[in-house]
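Asks:
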Amino acid sequence: MKAISMKNVMKNRNNAAYLFVLPFVIVFLIFSVYPVFRTLYLSFTDYKGYGDPVLVGLENYKRVIGDKFFWRSLYNTVKMWGLNIVLQLGLAFLLTIVFSDIKYKLAGLPVFRALYYLPNLIAATSVAFLFKTLLDWKYGTFNQILLATGIVDQQVNWLGQRSTAWAVVSVIQAWMWFGNSFIMLMAGVQGIPQDYFEAAAIDGAGRWKTFGKITLPLLRPILLYVAVTSLIGGLQLFDLPFLINGVAGASTAGEPGGTLQTVVMYMYKFGFETHQVGFASAIAYTLFIIILIVSVLEFKFIGGKED
Amino acid sequence: MKLKKFLAVLLVGAMTLSLAACGSDGSDATLEGENVDSATVGSEDGEKLVIWTLAKDLQTFAEKYAELNPDVQIETVVIEPADYVTKVQTALNGGQTTPDIIVGEPQMLEDFYDANYFEDLNQAPYNAQDYADQIVDYVWKVGQDSEGIQRAISYQITPAGIYYRRDIAEKVFGTDDPEEIGKLFADYDTVLSTAKTLKDNGYRIFASDAEINYFSGDSAWVVDGKLNVNQARLDYMDLVIDLYQNDYTAYANQWSTPWYQAMAGEVPILTADIQNYADDSVNVWDAEQFEEATKDLDKTEVFAFGLPSWGVLTLRDNVGETSGKWGVCSGPAYGFGGGTFIGISANSEHKDLAWDFLKWVTLDEETAEWWIEKSEGDTVSLISVLEKHKDDENPVYGNQHMYSFWQSQAEHIDYSKVTRYDKVINDAWGAAITAIKTGEKNKEDAISEFYDVVESTYPDITVER
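One line per chain: the protein sequences are G and A, in this order. When we follow the working numbering, the leftmost residue of the first sequence carries the number 92, and every step to the right adds one. When we follow the working numbering, the leftmost residue of the second sequence carries the number 2, and every step to the right adds one.
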């Protein structure tokens, strides 16, 4: 009996559908699944990019753990992500509050939404060169404006000094991504039934009370999504710091003084500049594990009571 | 997210390309991209040779070869140095039968040898060892792997020298004789006192403080698996710092606009404030911006440049009015810079043709003669041709006998100084020097950071602090 029902199931299935997804599955297997496992394997070897990989056990991982420059690059990455997420979410929240306020009833949400999202559509390479030019020490428009308005009395070397370069990258990241967060949060707010806000208004709840007691708790799932995706993207930060201060175009050194060197740049250095593919793979997996742990923590703290 | 989008586009692009390739003949793996410059010469249905190289030179060689051998087709692909190693690795690890000819600069070769990318040229039918005494010794040895097997050969030699202004030498030191001026660059201390004398007379010894880079250190960075920071390295560090802190140079970045301008005559004296190595303040890569920013500064003239023999051509193209007023002498050590080493890919299916081409480029007197003319003065590696041109006078350099000078410099070069670790270690050492000279770190911290970098990048190197 059982065999027959299985047969029926197979028969009833629309086998043509498998044919349609086949191209994707093949490409996915070759370009996503295979590299993931291949990298895991290589991370346990001394592979140099040529010759046969020789298994070395946990050697590469021990080296990652003991490498102060790895931790420095992680610190740089987290620092840049941290400031970025605060600015990005802060700005997005502010805009969400303004646009969702039933008393303001602001018009033109679709227009603003599109405008805020625009920076995200520019390729990171273009953004890097755009800001490199704008923030140029002696000739940059930004410094010229600061000088002309008397805010500073001499040009600030935004990208050349350790104290500001990382913050500049964070601000640019925030500028690129706040529109995205805003759209997410706004969608979340619009999913909250209007009755709650009206009820709150009738009960005399103020703007902050409404936000704290209704908007924020009901936004939690969206917030979680934004935080997790931003973290994953943030810890993989590469293009902007790689391009913005490279002397001959691009550099993994993370000038000034290594303050812009992110984990992925550090990995790139070993994978493509010094041909230690095994070690680079171990860095990739260590980063993966770190992202996994922090994501789980985020789920726990922000996702919280829901489950 | 961005990465995924990028990958998706890349995938779509790759598929389109592969479809397009199938549409044509689909026989060869061809490189596409902005950093690649490919040229095909010769007969369309002849035996095809594919060359992957770093500089345009081989395209010129290929044109001439195809002219002489009309039944051959050659595709020469010039790839940016930054991408070259990765591209060769991908192709050869993947078992690709093209390229037939690959090249390498000295610091790339050790990895290529270990990976067995190059054909063994000592075996029949090549028997390269028979040609050993025809090529300048150090160049021949750079082309050998650790077991002494010939893997690659170069058509040029690249010993370094000090290029100096004869007119300034005459005024300040009372002579322009290369022997005598060489004594002013004999060691790091002397370089420093020469620099002081020149500054006192209103000149600057160098445009940048990178000019003695080719003469830095007289031993390898890594000896028997140990990092080797000897006194010469530390002296070199002190020299660069002294040159910088005493305003002995014109603070121009090597290869930047003012650096080239200094070859032709007066340049503004930049200061650390305008031209700080840590921060590219003035855009020195843009001639117009640079002129605008420096028009009110005092001017000076630069005495010397330190460059390998290919600098003969660089200077010739940039000296302008000062042509004829230059000379070349030895520096504080014997060094060399760059050089294109040519070998046959172990996977090639056209090894005979490849060897014929390689032999023609590197070991043929007529080719060497033609190349000297064509390149207007490149320094070839074939001893017989160097000998033949030893009395050639070069008018740009006050009719100095350049070929015999380079040949004599090349005799002293100890190629075993080159290791695969050099790029990273040199960069880290340079970063340490920059940090000290600009006052960002004290010497102890900077050197300690240098050790950390070497240790973390190459755990197999023992670092003794």
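Ideal Cβ placement from N, Cα and C applies to all residues, glycine included.
Let's see if you can read the secondary structure: which residues bound the alpha helix (DSSP H) around Tyr204/A?
Replies: Counting along the chain, Tyr204/A falls outside any alpha helix (DSSP H), though it belongs to the beta strand (DSSP E) covering Tyr204 to Phe207.
Asks: Using a Cβ-Cβ distance under 9 Å, would Thr168/G count as near chain A?
Replies: No, no contact with chain A.
Asks: Give a yes or no on whether the C-beta atoms belonging to Tyr85/A and Cys330/A are separated by under 9 Å.
Replies: Cβ atoms of Tyr85/A and Cys330/A: not closer than 9 Å.
Asks: Is it right to say Phe370/G is buried, meaning 16 or more other beta carbons lie within 10 angstroms of its own, or is it exposed?
Replies: Phe370/G is buried by the Cβ-count criterion.
Asks: Does the beta-carbon of Leu310/G, which I'm using as the reference point, lie nearer than 8 Å to any heavy atom of the ligand FAD?
Replies: Among the components of this structure there are no ligands whatsoever, and the ligand FAD is therefore not found.
Asks: Using a Cβ-Cβ distance under 9 Å, would Thr315/A count as near chain G?
Replies: No, its Cβ sits nowhere closer than 9 Å to a Cβ of chain G.
Asks: Between Asn123/A and Ala116/A, is the Cβ-Cβ spacing less than 9 Å?
Replies: In this structure, Ala116/A does not lie closer than 9 Å to Asn123/A by Cβ.
Asks: Please identify the residue among Asp72/A, Ser217/A, Pro71/A and Ile80/A whose C-alpha is closest to the C-alpha of Asp58/A.
Replies: Of Asp72/A, Ser217/A, Pro71/A and Ile80/A, the residue nearest in Cα terms is Ile80/A.
Asks: For chain G, find out if any of its Cβ atoms is closer than 9 Å to the Cβ of Thr380/A; answer yes or no.
Replies: Output row for Thr380/A: interface = no.
Asks: Quick check on Ala187/A: does DSSP put it in helix, strand or coil?
Replies: Coil at Ala187/A, not helix or strand.
Asks: Alpha carbon to alpha carbon, how far is Ile373/A from Leu149/G? Give it in angstroms, no decimals.
Replies: Cα to Cα, the separation comes out at about 55 Å.
Asks: In chain G, which residues lie less than 9 Å from Ala116/A when you measure between Cβ atoms?
Replies: By Cβ distance, chain G contributes Lys139, Gly140, Tyr141 and Gly142.
Asks: Mind checking if Thr365/G is an interface residue toward chain A, Cβ cutoff 9 Å exclusive?
Replies: Taking Cβ atoms only, chain A reaches closer than 9 Å to Thr365/G, which makes this a yes.
Asks: Checking the sheet assignment: what are the DSSP bridge partners for Trp327/A?
Replies: DSSP, once it has assigned bridges, lists Arg166/A as partnering Trp327/A.
Asks: Using 8 Å as the cut-off, can you tell me whether the stretch 312-323 of chain G makes contact with the stretch 219-233 of chain G, which would need three or more C-beta pairs spanning the two stretches below that distance?
Replies: Counting Cβ pairs under 8 Å, fewer than three are found: no touch.
Asks: Using a Cβ distance threshold of 8 Å, determine whether the stretch 311-326 of chain A contacts the stretch 84-102 of chain A, with at least three qualifying pairs required.
Replies: As far as the Cβ criterion goes, the stretch 311-326 of chain A does not touch the stretch 84-102 of chain A, which means the pair count is below three.
Asks: Tell me which same chain residues have a C-beta within less than 6 Å of the C-beta of Ser386/G, skipping the five on either side of it?
Replies: Closer than 6 Å at Cβ, skipping near neighbours: Val319.
Asks: Have a look at Asp281/A and Ile75/A and give me their C-alpha separation to the nearest angstrom.
Replies: Below a pLDDT of 50, predicted positions are generally treated as unreliable, and Asp281/A, at 47, falls in that range; no measurement from the model is reported.
Asks: For Ser39/A, which beta-bridge partners are listed by DSSP?
Replies: In the DSSP output, where bridge partners are listed per residue, Ser39/A has Val78/A.
Asks: Classify Thr136/G as helix, strand or coil using the three-state DSSP reduction.
Replies: Three-state DSSP puts Thr136/G in a strand.
Asks: To the nearest angstrom, how far is the alpha carbon of Gly295/G from that of Met277/G?
Replies: Distance between the alpha carbons of Gly295/G and Met277/G: 24 Å.
Asks: Under the three-state reduction of DSSP, which class applies to Ala305/A: helix, strand or coil?
Replies: Three-state DSSP puts Ala305/A in a strand.
Asks: Going by other Cβ atoms of all chains shown within 10 Å of its Cβ, with 16 needed for buried, is Val127/G buried or exposed?
Replies: Looking at its Cβ environment, which holds fewer than 16 other Cβ atoms inside 10 Å, Val127/G is exposed.
Asks: In angstroms with no decimal places, state the Cα-to-Cα distance between Trp268/G and Phe161/G.
Replies: Near 26 Å, if we compare the C-alpha coordinates of Phe161/G and Trp268/G.
Asks: Only counting the same chain, and skipping five residues up and downstream in sequence, which positions put a Cβ closer than 8 Å to that of Arg317/A?
Replies: So the list reads Ser324, Glu377, Gly378 and Val397, once near-sequence residues are dropped.
Asks: Using the C-alpha atoms, what's the distance from Phe220/G back to Ile236/G?
Replies: Their Cα atoms are separated by approximately 19 Å.
Asks: In whole angstroms, what is the alpha-carbon distance linking Leu84/G and Arg466/A?
Replies: Only positions 92 to 398 of chain G appear in the structure, and residue 84/G is not among them; the question remains open.
Asks: What are the boundary residues of the beta strand (DSSP E) that includes Leu326/G?
Replies: First-last for Leu326/G: Leu307 to Leu326, but that is the alpha helix (DSSP H), not the beta strand (DSSP E).
Asks: Could you tell me which residues DSSP pairs with Phe342/A in its beta bridges?
Replies: Its beta-bridge partners are Gly105/A and Ser155/A.
Asks: Under 8 Å by Cβ, that's how I've got Ile102/A and Ile345/A pegged, so tell me the actual separation to the nearest angstrom.
Replies: Right, their Cβ atoms sit about 6 Å apart.
Asks: How many angstroms separate the CA atom of Arg163/G from the CA atom of Trp257/G?
Replies: Each residue's Cα considered, the two are about 13 Å apart.
Asks: Just grab the DSSP bridge partners of Phe119/A for me.
Replies: Beta-bridge pairing links Phe119/A to Ser346/A.
Asks: Taking a contact to mean a Cβ-Cβ separation below 9 Å, would you say Phe174/A touches Pro333/A in this structure?
Replies: Contact: no.
Asks: Can you find a C-beta in chain G that's less than 9 Å from the C-beta of Glu120/A?
Replies: Not one chain G Cβ lies under 9 Å of Glu120/A.
Asks: Within 9 Å of any Cβ in chain A, is that where the Cβ of Ala183/G sits?
Replies: It does not; no Cβ of chain A falls within 9 Å.
Asks: Check the Cβ-Cβ distances between Asp158/G and every residue of chain A, and say whether any is below 9 Å.
Replies: It does: the Cβ of Asp158/G has a partner Cβ on chain A nearer than 9 Å.
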